[in-house]
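Accompanying notes for the structure given below.
Number of protein chains: 2
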Amino acid sequence: MRIGVLGTGMVGKAIATKLVEVGHEVRMGSRDAANEKAAEWAGSVGEGASQGTFAAAAAFGELVFNCTAGEASLDALELAGEEALRDKVLVDVSNSLDFSQGMPPSLGVCNTDSLGEQIQRRFPEARVVKTLNTVNNEVMVDPGLVAGDHDLFVCGDDEGAKAEVAALLESFGWSRERIIDLGGIRAARGTEGYVLLWLALLNSLGTAHLNIRVVR
Amino acid sequence: MRIGVLGTGMVGKAIATKLVEVGHEVRMGSRDAANEKAAEWAGSVGEGASQGTFAAAAAFGELVFNCTAGEASLDALELAGEEALRDKVLVDVSNSLDFSQGMPPSLGVCNTDSLGEQIQRRFPEARVVKTLNTVNNEVMVDPGLVAGDHDLFVCGDDEGAKAEVAALLESFGWSRERIIDLGGIRAARGTEGYVLLWLALLNSLGTAHLNIRVVR
């Protein structure tokens, strides 16, 4: 499958690299076609990896990952373009963490909205699925870094899109039984709000290789 | 021990009843000394249970639980009185959920503050410990309602207060190894933010008898 990955940070690199490893053709997108980090990534991965603007990456992908920083996501997707995102599965991995006031950071919109919902509202013809934003970038693509059973959440308004994403997540190493469907995209405020607890756990446990398992 | 429980809702009743069961003398506090729910509770429990104003309950307790609704907590504690709370362990169980706009509710202060921190700032000589706010009131006092291992969080700036609270939690049925100390009271924004995920889980799993286990 051809996949566009928007974002050249640790999350974008981790996901783009994993996608190539499991057999996809990936174009990493950034604001500037000559982005050094993206070029370096494409060069280091080689076959299956390319890079370009947000618009080029979105147009290339049959499916698109938003791995940009949360506060920049809407702008990046604007540059990707509504037309390039139309009818495509758009996997939103973003969290909006504002560290400008030190630790713990604040979450821009967690209280009465979420980035996932904002993105779905702005691009109503994209099929937004929120997932992976509750774990560290290394754990995203290698769940075995955390011992035992632990869970990943998906939410979104399009059932078919969630099924496609669940299949991709399985190829990353997540077992199907550990992928919890929280329902519509509105549940994104749950997973984005949880990041505040994740940060407290990071701080007290001293490792980012952590996750939660839901029990009942 | 003599314990004051502020609040006559489901959380206050569950905790006050459990505290009497495990051998404490409990005074339930409410805005009005003639509160019917508090009188009914005290009557139904009998020996060890009494009721009165927020001030009477706080003065009675060697330790005080805040089980009032989050948006009313600061007012209730104001009525309890700074003097009655001085040097006492104040267990804050509150969450500020605003359902006025429908589901999912918003959290008043989760973004850049927490109720736990607000309470500690307003009552600097109380020894505030935030805990139990991440589970349903029935699970709070009967963790066996959720199968298998699952975790409870405590945070607060006073180590001795956290140790006292951990001992109380053990008497509720929580095993010591499953009580995670998140550090200072600032971590309350983590557990209060998590409630957004808890609500999404409630909605998708259809049961309030749920919790999480932290794995790494």
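If you read the sequences in order, they're chains D and B.
In this text, residue positions in the first sequence follow our numbering: the first is 148, and each later residue adds one.
In this text, residue positions in the second sequence follow our numbering: the first is 148, and each later residue adds one.
Idealized CB from N, CA, C, for every residue including glycine.
Check your understanding: Under a three-way DSSP split, which group does M148 of chain B fall into?
Key -> The DSSP-derived three-state label of M148 of chain B is coil.
Exercise for review: Examine chain B for any beta-carbon lying closer than 8 Å to the beta-carbon of R268 of chain D, and answer yes or no.
Suggested key: Using a Cβ-Cβ cut-off of 8 Å, R268 of chain D does not count as an interface residue toward chain B, since no Cβ of chain B sits closer than that to its own.
Check your understanding: What separation, rounded to the nearest whole angstrom, lies between the Cα atoms of D289 of chain B and I162 of chain B?
Key -> One C-alpha to the other measures close to 10 Å.
Check your understanding: How about S243 of chain D and L254 of chain D: are their beta carbons less than 8 Å apart?
Key -> The Cβ atoms of S243 of chain D and L254 of chain D lie closer than 8 Å to each other.
Practice item. Determine the DSSP secondary structure at N213 of chain D, reduced to helix, strand or coil. Key: Assignment of N213 of chain D by DSSP, reduced to helix, strand and coil, places it in the strand class.
Practice item. Please decide whether R325 of chain D counts as near chain B, where near means a Cβ-Cβ distance under 8 Å. Key: At a cut-off of 8 Å between beta carbons, R325 of chain D makes no contact with chain B.
Check your understanding: In chain C, which residues lie with their C-beta within 8 Å of the C-beta of G340 of chain B?
Key -> The question asks about chain C, but that chain is absent: this structure's protein chains are D and B.
Check your understanding: What are the uninterrupted segments assigned as alpha helix (DSSP H) that are 4 or more residues long and contained completely in the segment 180-244 of chain D, given in chain order?
Key -> Entirely contained in the segment 180-244 of chain D, the alpha helix (DSSP H) runs reaching 4 residues are, in chain order, 183-192, 201-207, 217-227 and 229-232.
Review point. Any C-beta of chain B sitting closer than 8 Å to the C-beta of S220 of chain D?
Key: Chain B contact via Cβ: absent.
Exercise for review: Ignoring anything shorter than 4 residues or poking outside the segment 239-311 of chain D, list the alpha helix (DSSP H) runs there in chain order.
Suggested key: Taken in chain order, the complete alpha helix (DSSP H) segments of 4 or more residues contained in the segment 239-311 of chain D are 262-269 and 284-287.
Review point. In this structure, does DSSP put R367 of chain B in helix, strand or coil?
Key: Absent from the model: residue 367 of chain B. The displayed extent of chain B is 148 to 363, so no value can be given.
Check your understanding: Within this structure, are the beta carbons of V276 of chain B and V236 of chain B separated by less than 8 Å?
Key -> Taking a C-beta distance under 8 Å as the contact criterion, V276 of chain B and V236 of chain B qualify as a contact pair.
Exercise for review: Going by DSSP, name the residue or residues bridged to I162 of chain D.
Suggested key: Answer is none; I162 of chain D lacks a bridge partner.
Check your understanding: How about the segment 316-324 of chain D and the segment 323-331 of chain B: do they share at least three Cβ pairs that are nearer than 8 Å?
Key -> The segment 316-324 of chain D makes no contact with the segment 323-331 of chain B: fewer than 3 CB pairs, one atom from each, lie closer than 8 Å.
Point to revise | Distance cut-off 7 Å: L244 of chain D Cβ against heavy atoms of the ligand MN | key: In the structure shown, the ligand MN is absent, as is every other ligand, since no ligand is present at all.
**Study point:** Cβ shell of V173 of chain B (< 7 Å), same chain only, five flanking positions each side left out
**Key:** Cβ-Cβ distances below 7 Å link V173 of chain B to I150, V152, A163, L166, V167, G195 and A196 in the same chain, with the five nearest sequence neighbours on each side left out; the list follows chain order.
Check your understanding: So which residues of chain D does N350 of chain B contact, with C-beta pairs closer than 8 Å?
Key -> In chain order: L329, G330 and A334.
Check your understanding: Between R363 of chain B and H356 of chain D, which are expected to be in contact by the criterion C-beta below 8 Å, what is the C-beta distance as a whole number of angstroms?
Key -> Confirmed, about 6 Å.
**Study point:** Cβ of I150 of chain D within 8 Å of any chain B Cβ
**Key:** At a cut-off of 8 Å between beta carbons, I150 of chain D makes no contact with chain B.
Exercise for review: Could you name the residues of chain B that L357 of chain D contacts, counting a contact when the two beta carbons are closer than 8 Å?
Suggested key: Within chain B, the residues near L357 of chain D are V361, V362 and R363.
Exercise for review: Within the same chain, show all residues whose beta-carbon is closer than 7 Å to that of V286 of chain B, passing over the 5 residues directly before and after it, in chain order.
Suggested key: Closer than 7 Å at the Cβ level, and outside the excluded window around V286 of chain B, lie L292, V293, H356 and N358.
Review point. How many whole angstroms separate the CB atoms of G316 of chain B and T281 of chain B, which I take to be in contact at a CB cut-off of 8 Å?
Key: Strictly speaking, residue 316 of chain B in this sequence is Leu, with Gly absent from that position. 12 Å between Cβ atoms; not a contact.
Check your understanding: Can P252 of chain D and D245 of chain D be called in contact, C-beta distance under 8 Å?
Key -> Result yes, Cβ atoms of P252 of chain D and D245 of chain D sit closer than 8 Å.
Exercise for review: Please check the pair V240 of chain B and D298 of chain B, which I expect to be a contact at CB under 8 Å, by giving their CB distance rounded to whole angstroms.
Suggested key: Not confirmed; about 16 Å, so no contact.
Check your understanding: Roughly how many angstroms lie between the CA atoms of G337 of chain B and E183 of chain B, to the nearest whole one?
Key -> Counting only the Cα atoms, E183 of chain B lies some 35 Å from G337 of chain B.
Practice item. Answer yes or no: do A335 of chain D and S261 of chain D have a C-beta to C-beta separation smaller than 8 Å? Key: It is a contact, given that the beta carbons lie within the stated cut-off.
Review point. Mind checking if P271 of chain B is an interface residue toward chain D, Cβ cutoff 8 Å exclusive?
Key: Cβ-Cβ to chain D under 8 Å: no for P271 of chain B.
Review point. Among residues of its own chain, excluding the 5 on either side of A231 of chain B, which ones have a beta-carbon nearer than 7 Å to its beta-carbon?
Key: In chain order, A202, A205 and A206 place their CB closer than 7 Å to the CB of A231 of chain B, counting only its own chain and leaving out the 5 sequence neighbours on each side.
Practice item. Output, in chain order, the set of chain D residues within a Cβ distance shorter than 9 Å of V293 of chain B. Key: For V293 of chain B, the neighbours in chain D by C-beta distance under 9 Å run, in chain order, V362 and R363.
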